[in-house]
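Novice: I'd like to ask you about the structure that follows.
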Amino acid sequence: MAANIADLVFDTTFAIIGGGIAGVSCAEQLAVEDPGASVILISASPLVKVARNINKISERLEEFDVEEETHAYLEKRHPHCKVINASATEINNEKHGAKRPPVGVEVWSEGASSVVILVI
Numbered sequence: 128m129a130a131n132i133a134d135l136v137f138d139t140t141f142a143i144i145g146g147g148i149a150g151v152s153c154a155e156q157l158a159v160e161d162p163g164a165s166v167i168l169i170s171a172s173p174l175v176k177v178a179r180n181i182n183k184i185s186e187r188l189e190e191f192d193v194e195e196e197t198h199a200y201l202e203k204r205h206p207h208c209k210v211i212n213a214s215a216t217e218i219n220n221e222k223h224g225a226k227r228p229p230v231g232v233e234v235w236s237e238g239a240s241s242v243v244i245l246v247i
């Protein structure tokens, strides 16, 4: 039986809010730069945006197409990435007492429950 997300606490190296192109690109880059790190991406949408057909125009400029994929696409490409389908309601840097901010993210899920993501 699957656990209710409201009953879970996730320990992660990085927590990213937003399944748009910026959030997904950030999650992918973190997964590449630090393959042993765990990455949680919180997305309100059941789909995430991914960059395809990337063409380098100059040293600092690229063009690309943006397409939607399921969460499974990102999790399959980067096994240490987990996507949580929820909406962030609060970022609380003081609640969990970790040594460096941000230390916690509370998110809303179905049934107005919350889950805490601890960034360690």
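When we follow my numbering, the leftmost residue of the sequence shown carries the number 128, and every step to the right adds one.
Even for Gly, the Cβ is constructed at its ideal location relative to N, Cα and C.
Keep in mind it's a predicted model, so treat the numbers as computed, not measured.
Flag this pair as yes or no: are the beta carbons of H205 and A158 separated by less than 8 Å?
Specialist: Taking the first residue of the sequence shown as 1, we reach residue 205 at position 78. Taking the first residue of the sequence shown as 1, we reach residue 158 at position 31. Contact flag set, yes.
Novice: Mapping DSSP to helix, strand and coil, what is K226?
Specialist: As a first step, residue 226 is located in the sequence shown; it is residue number 99 there, counting from the start. A caution first: K226 carries a pLDDT of 43, below 50, which makes its placement in the model too unreliable to give a value.
Novice: Just how far apart, CA to CA, sit A178 and T139?
Specialist: For the purposes of this step, residue 178 is taken as the residue at position 51 of the sequence shown. For the purposes of this step, residue 139 is taken as the residue at position 12 of the sequence shown. Cα to Cα, A178 sits roughly 24 Å from T139.
Novice: Can you give me the C-alpha to C-alpha distance between E160 and E194, rounded to a whole angstrom?
Specialist: Residue numbering aside, residue 160 sits at position 33 when the sequence shown is read from its first letter. Residue numbering aside, residue 194 sits at position 67 when the sequence shown is read from its first letter. Separation of E160 and E194 (C-alpha to C-alpha, rounded to the nearest whole angstrom) is 23 Å.
Novice: Helix, strand or coil: which one does DSSP assign to R204?
Specialist: In the sequence shown, residue 204 corresponds to position 77, counting from 1. If DSSP states are grouped into helix, strand and coil, R204 belongs with the helices.
Novice: I need the boundaries of the alpha helix (DSSP H) containing E160, first residue and last residue.
Specialist: Along the sequence shown, one-based indexing puts residue 160 at 33. That run of the alpha helix (DSSP H) goes 148-160.
Novice: Please tell me whether I169 and A149 are closer than 8 Å, where the distance is taken between their beta carbons.
Specialist: By 1-based counting over the sequence shown, the position of residue 169 is 42. By 1-based counting over the sequence shown, the position of residue 149 is 22. For I169 and A149, no; Cβs fall outside 8 Å.
Novice: Starting from R179, trace the beta strand (DSSP E) both ways and give me its first and last residue.
Specialist: Position 52 of the sequence shown, counted from the first residue, corresponds to residue 179. Looking at the DSSP string, the run of the beta strand (DSSP E) that includes R179 is 174-183.
Novice: Could you tell me which of F191, A154, A215 sits nearest to V175, measuring between CA atoms?
Specialist: Taking the first residue of the sequence shown as position 1, residue 175 is located at position 48. Looking at the Cα atoms, A154 is the closest of the given residues.
Novice: Give the straight-line distance between the Cα atoms of G145 and D192, rounded to the nearest whole angstrom.
Specialist: The sequence position of residue 145 within the sequence shown is 18, counting from 1. The sequence position of residue 192 within the sequence shown is 65, counting from 1. As the crow flies, the alpha-carbon of G145 is around 18 Å from that of D192.
Novice: Verify whether the separation of the beta carbon atoms of N182 and E189 is less than 8 Å.
Specialist: Walking along the sequence shown from the start, residue 182 turns up at place 55. Walking along the sequence shown from the start, residue 189 turns up at place 62. Yes, they are a contact pair.
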